[in-house]
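As C-alpha cells, the structure follows; a few thoughts come after it.
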C-alpha cells in the first residue's frame, strides 16, 4: 500500500508544481496599457476608446505630470457632447467615465443633393429619399 501512496504523492507533487507555474504566469504577466471607457452610447464606445488610447499612449510615453488632465482636455475637444464625470490613471491604465448630456440636443441641418444616377438606380434612391423632410 505504501508503494501505491508514493505514486499518488508523486502525482500530487507534479500537479502542485504545474498549478504554481500557471499561477505565476497569470499573476506575473504584465498586461499592456489599456483604456477603459464607460457611460457612452454603445455605438460611440469604440471610436471614443480608440481616440483616447492614442492620446494615452503618447502621454504615458512622455511620463508627463498631470497626464489625466491632458487626456481630459483632448476628450473635451474631440467629444463636446460628452461630459467627463471621472478620469483616473493607474500606472499605464486609464479609466474614463462619461456622462452624456441627454437634455442637450444638437441641431442638425442636412442637405441631400440627388446624384447623377443611371435610370435603374434613380428610382430606388428617390424611394429611399422620399421620407426625408424638405426645407421650406
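Numbering (the working numbering), first residue to last: 30 to 165.
We treat Cβ as the ideally placed atom computed from N, Cα and C, and that holds for glycine.
About 13 Å separates the CB atoms of residue 91 and residue 118; that is not less than 8 Å, and the two are not in contact. Cβ-Cβ distances below 8 Å link residue 88 to 96, 99 and 100 in the same chain, with the five nearest sequence neighbours on each side left out; the list follows chain order. Between the region 107-116 and the region 67-80 there are three or more C-beta pairs closer than 8 Å, enough to call the two in contact.
For secondary structure counted as the alpha helix (DSSP H) over 4 or more consecutive residues, the region 64-148 holds these complete runs in sequence order: 71-91 and 96-107. If you check the CB distance, residue 123 and residue 64 come in under 8 Å.
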